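Visitor: Residue numbers (our numbering): 13 to 223. The beta carbon of each residue, even a glycine, is placed where N, CA and C say it ideally should be. Values in this document were obtained by computation on a predicted structure and should not be read as measured data. Got a structure for you, written out below as structure tokens; questions coming shortly.
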């Protein structure tokens with residue numbers, strides 16, 4: 013997770029005003045609910061990956077973004093290295109860490125140091141002091157963005173959201189069929205499929221997207 017800000021006040025994720033965590037949450041909403049997606053556009057579902065891999069979430073058309081200083085831009089597409097990591101449809105831990113290191117190197121070239129880097133957690137974490145430039149945003153999108161979003165969706169803990177959705181189904185007369193032994197993202201997908209199949213309005217199960 014990464015946090016970014018004009019000050020070095022600690023926030024979840026890479027010192028961005030919106031965190032790495034929130035990027036992943038928005039993408040999950042797009043993937044599961046087939047809604048307009050996160051910062052990288054609508055996301056299409058991909059088959060579950062085995063082992064330490066995360067299924068790649070395919071990015072939709074690029075959408076205009078705004079830097080913290082108010083400059084509007086279109087994010088760059090993936091670099092050759094990120095595209096190669098995404099090509100087989102699965103992001104491995106090695107590819108995830110390599111993408112982060114490319115992002116870190118890109119930021120270093122801009123004179124931005126990543127602080128408090130933790131490479132040992134299931135989801136990487138660091139922070140930095142943003143300069144509010146398009147160049148730093150594109151370091152993320154070109155080298156790490158789609159890899160990171162895919163990895164976070166697969167590996168973050170969504171148990172709070174699973175419980176909320178399960179309760180919503182029960183309140184509407186549907187017995188939750190998720191397997192509590194599976195990853196929480198798989199549980200959420202199962203419950204969301206039940207909600208759709210039962211014709212339960214999304215507005216009746218309003219919860220923050222899994223994060």
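What number of angstroms, rounded off, separates the C-alpha of residue 165 from the C-alpha of residue 195?
Guide: 11 Å
Visitor: So, are the CB atoms of residue 153 and residue 73 less than 8 Å apart?
Guide: Cβ distance not < 8 Å, so residue 153 and residue 73 don't count as in contact.
Visitor: How about residue 186: is its Cβ closer than 7 Å to a heavy atom in the ligand SAM?
Guide: Judged by which ligands are present, the structure shown has none, so any question about the ligand SAM falls away.
Visitor: Take the Cβ of residue 189 as the centre, count every other Cβ of all protein chains shown within 10 Å, and call the residue buried at 16 or more, exposed below.
Guide: exposed
Visitor: Taking 8 Å as the cut-off, decide whether the C-beta atoms of residue 111 and residue 155 are in contact.
Guide: yes
Visitor: The alpha helix (DSSP H) spanning residue 179 covers which residue range?
Guide: Following the DSSP letters along the chain, one finds residue 179 inside the alpha helix (DSSP H) bounded by residues 171-183.
Visitor: Rounded to whole angstroms, what's the CA-CA distance from residue 81 to residue 69? Just pull it up for me.
Guide: Roughly 29 Å separates the two Cα atoms.
Visitor: Give me, in chain order, the residues of the same chain whose beta-carbon lies closer than 7 Å to that of residue 150; leave out the 5 immediate sequence neighbours on both sides.
Guide: 87, 88
Visitor: What does DSSP give as the partner residues of residue 103 in its beta bridges?
Guide: 66
Visitor: By DSSP's criteria, residue 77 is part of a beta bridge. Which residues make up the other side?
Guide: 85
Visitor: Nearest-angstrom Cα distance between residue 139 and residue 129?
Guide: 7 Å
Visitor: What are the boundary residues of the beta strand (DSSP E) that residue 127 is part of?
Guide: Taken as a continuous stretch (DSSP letters only), the beta strand (DSSP E) holding residue 127 covers 127-130.
Visitor: Which residues in the same chain have their Cβ closer than 8 Å to the Cβ of residue 281, if we skip the five residues on either side of it in sequence?
Guide: Outside the shown range of the chain (13 to 223) lies residue 281, about which nothing can therefore be said.
Visitor: Determine the burial state of residue 107: buried for a count of at least 16 other Cβ atoms within 10 Å of its Cβ, exposed for fewer.
Guide: buried
Visitor: Taking the alpha helix (DSSP H) that residue 215 falls in, what are its first and last residues?
Guide: Counting along the chain, residue 215 falls outside any alpha helix (DSSP H), and DSSP gives it neither H nor E.
Visitor: Work out the CA separation of residue 95 and residue 66 for me, nearest whole Å.
Guide: 15 Å
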